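Using our numbering, the letters of the sequence shown map in sequence onto residues 23 to 215. Scroll down for the structure; my scribbles are underneath it.
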Amino acid sequence: ELTTAKTVFYPGCHRHLTAALAFPDVTFVDFDKKVSPLYDDPTAREYVDTYKLYDEASQYRFYCYDVHKQPPKKARQDYDLLVSLSAGIIAEDCTSYVRKNGHLLVNDAHSDARMIYTGDNPWELVAFWEDDAWNTEDLDRCFRVVQSKNKSSSAGVLSRAQAEESVEVGTVRKRSFMLSFEPMFYLFQKKAL
């Protein structure tokens, strides 16, 4: 409802075929060769065609690549939506695949949303998912540091150093700070730099 995306680039997809149920044209990418058979399985394709949420014919493909080391040779540069769900820090490396005004759907399981929010990039936060609904208001609730264990770091908006710390230490318990609110998903829109 927040995007009219038709074309989707989903790096780090693993076996998350569900994007093909919601979007008619999906490019799945993962470096793990073991997941490839799912995307070639006629039963999976039949499942998508039976339960898809759109009228168009489903089109999806899978490429085995590591987007950090080598860009997919057949990836477009004008996708409507980039999906980054629990795949590590990949959104920054894949920004060029999304058209201007396109979107990024990201969770923060591996701090990818934090890195996008604090990075020097064209992404702007436009919504977050809370209580089974998108929220386009109160965006300043996201990425707010409310408590800092480190005296040199103060409460306020998340800094790039804190985002990088999140990547390095991983778990919430090991971070030197706490965020006031951590929604399940974030939606960013790509603006011109």
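Backbone N, C-alpha and C define an ideal beta-carbon position, used for all residues, glycine too. Here the structure is a predicted model, which means the values were calculated and not measured.
Using a Cβ distance threshold of 8 Å, F199 and I138 do not count as a contacting pair.
Here K196 is exposed. Its C-beta has fewer than 16 other C-beta atoms within 10 Å. When secondary structure is reduced to three states using DSSP, M137 falls in the helix class. For the pair of segments examined, the segment 146 to 157 was found not to touch the segment 184 to 191: the number of CB pairs separated by less than 8 Å stays below three. Here F203 is exposed: its Cβ has fewer than 16 other Cβ atoms, across all protein chains shown, within 10 Å. Relative to the Cα of F207, the nearest Cα in the group D162, N157, L180 belongs to N157.
One alpha carbon belongs to L103, the other to A177, and they sit about 33 Å apart.
Going by C-alpha positions, T193 is about 16 Å away from Q169. Counting along the chain, P64 sits inside no beta strand (DSSP E); it lies in the alpha helix (DSSP H) bounded by residues 64 to 73. V89 places its beta carbon 8 Å or farther from that of Y32. Burial of V51 is indicated by the presence of at least 16 other C-beta atoms within 10 angstroms of its C-beta.
Closest in alpha carbon position to A27, among H36, L43, P205, is L43. Counting along the chain, S106 sits inside the beta strand (DSSP E) bounded by residues 101 to 106. Taking each of H36, Q92, V30 in turn and checking the Cα distance to Y82, the smallest one comes out for V30. In the three-state DSSP reduction, Y61 falls in the helix class (H, G or I). In this structure V179 is exposed. Its beta-carbon is surrounded by fewer than 16 other beta-carbon atoms within 10 angstroms.
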